[in-house]
């Protein structure tokens with residue numbers, strides 16, 4: 670049975686992907702792990718970056734003796750997976766991304782960083798603050814927030830993947846977007862889809878950015894049917 674690795678997004682953890690993992694168990698050997706600093710995993714000694722997270726995918730595959738796998742990446746996880754596909758194409762059989770933000774510049778990064786203000790989150794969405802604290806314990810979620818802000822700022826200054834890079838990613842890829850995603854635009858998603866030489870594109874109806882609001886059954890079916 671084919672291996673599939675599920676990758677969470679920024680400020681997320683592998684626990685968020687458990688409903689999807691369960692839905693895929695009849696079709697795949699399902700794996701997931703936490704990127705460093707997430708889900709209680711210790712923070713790295715260096716700054717967060719897409720190359721760092723891609724390297725952690727490779728480390729996980731080495732630790733679990735997986736030579737090649739399908740990969741599903743949600744949001745930031747999809748970006749890290751595409752970076753891996755660019756530099757280590759032999760490690761990925763098929764690749765599926767959902768709600769991955771591809772376009773980064775200073776203005777975009779500043780807008781996203783502004784949404785990660787700790788004081789605002791604590792005052793306006795205390796339930797989310799409590800969720801982050803619980804999800805990433807024993808790590809300090811405020812430190813995670815700061816490191817994520819630094820990651821996004823860095824992407825705004827220099828994308829880990831430039832537009833022309835996608836033309837060299839030959840891994841069969843399914844690029845998915847929710848039709849109600851307010852963080853990721855249709856334009857940036859289809860632009861990358863058109864650059865990829867071996868890709869398909871799909872839209873999940875009635876779906877915002879948050880993974881918790883994704884129709885898991887539909888997503889699992891799309892992943893399973895992707896050839």
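Residue numbers (my numbering): 670 to 896. We put the CB at the ideal spot given by N, CA and C, even for glycine.
Roughly how many angstroms separate the alpha carbons of residue i and residue j, rounded to a whole number?
{"i": "residue 844", "j": "residue 873", "result": "11 Å"}
{"i": "residue 800", "j": "residue 882", "result": "16 Å"}
{"i": "residue 884", "j": "residue 692", "result": "11 Å"}
{"i": "residue 718", "j": "residue 821", "result": "9 Å"}
{"i": "residue 861", "j": "residue 792", "result": "37 Å"}
{"i": "residue 758", "j": "residue 839", "result": "8 Å"}
{"i": "residue 894", "j": "residue 745", "result": "23 Å"}
{"i": "residue 848", "j": "residue 877", "result": "7 Å"}
{"i": "residue 683", "j": "residue 888", "result": "17 Å"}
{"i": "residue 826", "j": "residue 696", "result": "40 Å"}
{"i": "residue 870", "j": "residue 785", "result": "29 Å"}
{"i": "residue 731", "j": "residue 724", "result": "11 Å"}
{"i": "residue 675", "j": "residue 700", "result": "6 Å"}
{"i": "residue 780", "j": "residue 733", "result": "38 Å"}
{"i": "residue 749", "j": "residue 797", "result": "25 Å"}
{"i": "residue 763", "j": "residue 868", "result": "10 Å"}
{"i": "residue 694", "j": "residue 892", "result": "12 Å"}
{"i": "residue 859", "j": "residue 775", "result": "21 Å"}
{"i": "residue 680", "j": "residue 833", "result": "28 Å"}
Assuming residue i contacts residue j under a Cβ cut-off of 8 Å, what Cβ separation, rounded to an integer in Å, is found between them?
{"i": "residue 721", "j": "residue 713", "result": "6 Å"}
{"i": "residue 778", "j": "residue 824", "result": "6 Å"}
{"i": "residue 761", "j": "residue 740", "result": "6 Å"}
{"i": "residue 857", "j": "residue 772", "result": "4 Å"}
Could you please give me the residues that DSSP links to residue i through a beta bridge?
{"i": "residue 847", "result": "873"}
{"i": "residue 878", "result": "None, per the DSSP bridge assignment."}
{"i": "residue 700", "result": "674"}
{"i": "residue 738", "result": "761"}
{"i": "residue 965", "result": "The requested residue 965 is not part of the displayed model; the chain covers only 670 to 896."}
Please identify the residue among the options whose C-alpha is closest to the C-alpha of residue i.
{"i": "residue 886", "options": "689, 861, 765 and 674", "result": "689"}
{"i": "residue 787", "options": "774, 755, 806 and 817", "result": "817"}
{"i": "residue 875", "options": "858, 687, 851 and 763", "result": "851"}
{"i": "residue 865", "options": "856, 842, 855 and 780", "result": "842"}
{"i": "residue 808", "options": "781, 703, 794 and 751", "result": "703"}
{"i": "residue 756", "options": "780, 836 and 776", "result": "836"}
{"i": "residue 830", "options": "752, 794 and 770", "result": "752"}
Spatial neighbours of residue i within its chain, please: C-beta separation below 6 Å, excluding the five flanking residues on both sides.
{"i": "residue 672", "result": "698, 735 and 738"}
{"i": "residue 811", "result": "787"}
{"i": "residue 678", "result": "743, 744, 745 and 746"}
{"i": "residue 783", "result": "none"}
Only counting the same chain, and skipping five residues up and downstream in sequence, which positions put a Cβ closer than 8 Å to that of residue i?
{"i": "residue 768", "result": "678, 743, 744, 747, 845, 846, 847, 850, 852, 853, 878 and 880"}
{"i": "residue 716", "result": "816, 819, 820 and 823"}
Output needed for residue i: all residues of its chain with C-beta closer than 7 Å, excluding positions within five of it in sequence on either side, in chain order.
{"i": "residue 708", "result": "682, 683, 684, 804 and 805"}
{"i": "residue 828", "result": "773"}
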